[in-house]
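Engineer:
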Amino acid sequence: MNKYDIKQLREKFLLDSDWHIHTNYVHGMHSLSECIKKAESNNLKLIAIVEHVRQNLTYDFLELLKEINRMRKESNVIILLGAEAKIKDEEGNLDISPMVEKKVDIVYGAFHSWFKNSKPKKEEYIEALLNMIKKGVIDIWAHPLLLPRRYNIYFEDEKIIEIIDTLKRYGTYLEINLNYKLPPTNFLNLALEASIPFVIGSDAHNKNQIWNKNKPNFIKLKIWKRIIEKVS
Ligand SMILES: [Zn+2]
Ligand SMILES: [Zn+2]
């Protein structure tokens, strides 16, 4: 489909966009129109409605697309449709259907659980992550390093740089996820140094969590200043 120039939109609206909003169509609390109204009142110029997907969906994805198309006519906010898919194996394959992959504007790759019975090992995690990026299906890596944090796995700079290099090579965006306060500061610093393109995502499941740049967030002031410098 890709009628939106994602690269251009990202650059133009970086601080006036929220790239990760869930509605009550699936797991969020508020309706699409309530979320859009909130985005308007937060002065956002662009939002991405991102719903969880699986290969076999329990909801009608095409109906969601129709509803978004309807709302696009009623609001000045640019509304992207995204799918948040989980990685399902070490080869980096995603739990997403070809139909959904084709219909959405952006695909988010995420680790929501570990796909093996054992606890993830650092090396296994990195391999799966890099494979997912190299497949070239995802546009954005959602809530980076959430799974390792849950398992108390931490990465030395060398490993982080390997991840960052791969993101850069494949043009995959990094998500600064406000809900989970991720990626960790050392990762974010190295990513900014390497000029990795990023987006800001609230991962809002409630309209009151939608990004508002005038409200405090987890990003340390020093890093925030670097982000602003990059934008201006
Ligand atoms: Zn997620
Ligand atoms: Zn999400």
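This note's numbering applies: residue 648 is where the sequence shown begins, and numbers increase by one. For glycine and all other residues, C-beta sits at the position ideal for the given N, C-alpha and C.
1) Can A730 be considered in contact with ligand 1, in the sense that its beta carbon sits closer than 6 Å to one or more heavy atoms?
2) Take H759 as the anchor and find which of E774, K733, W858 and V747 has the nearest alpha-carbon.
3) For ligand 1, is there any heavy atom lying closer than 6 Å to the beta carbon of A757?
4) Below 8 Å, how does it come out for the stretch 747-755 and the stretch 794-803: are there three or more Cβ pairs, yes or no?
5) If you draw a straight line from the C-alpha of Y827 to the C-alpha of H790, how long is it?
6) Is it the case that the Cβ atoms of V846 and L662 are separated by a distance below 7 Å?
7) Tell me whether H669 is buried or exposed, calling it buried when 16 or more other Cβ atoms sit within 10 Å of its Cβ.
8) If I811 sits next to L837, beta carbons under 8 Å apart, how far is it from one beta carbon to the other, in whole angstroms?
9) When burial is assigned at 16 or more other CB atoms within 10 Å of the CB, is W871 buried or exposed?
10) Using CA atoms only, rank isn't needed, just tell me which of F762, T832 and Y672 is closest to K867.
11) Can you list, in chain order, the residues of its chain whose CB lies under 8 Å from that of F865, leaving out five sequence neighbours each side?
Structural biologist: In short:
1) A730 has its Cβ no nearer than 6 Å to any heavy atom of ligand 1.
2) Selected option, being the one with the closest Cα: K733.
3) At least one heavy atom of ligand 1 is nearer than 6 Å to the Cβ of A757, so yes.
4) Contact fails: fewer than three Cβ-Cβ distances are below 8 Å.
5) Using only the alpha carbons, I get a separation of about 7 Å.
6) Against a cut-off of 7 Å, the Cβ pair of L662 and V846 comes out as no contact.
7) Buried, by the Cβ-count rule.
8) So it is a contact: roughly 6 Å between Cβ atoms.
9) It is exposed - the Cβ of W871 has fewer than 16 other Cβ atoms within 10 Å.
10) It is T832.
11) The residues are L825 and K828.
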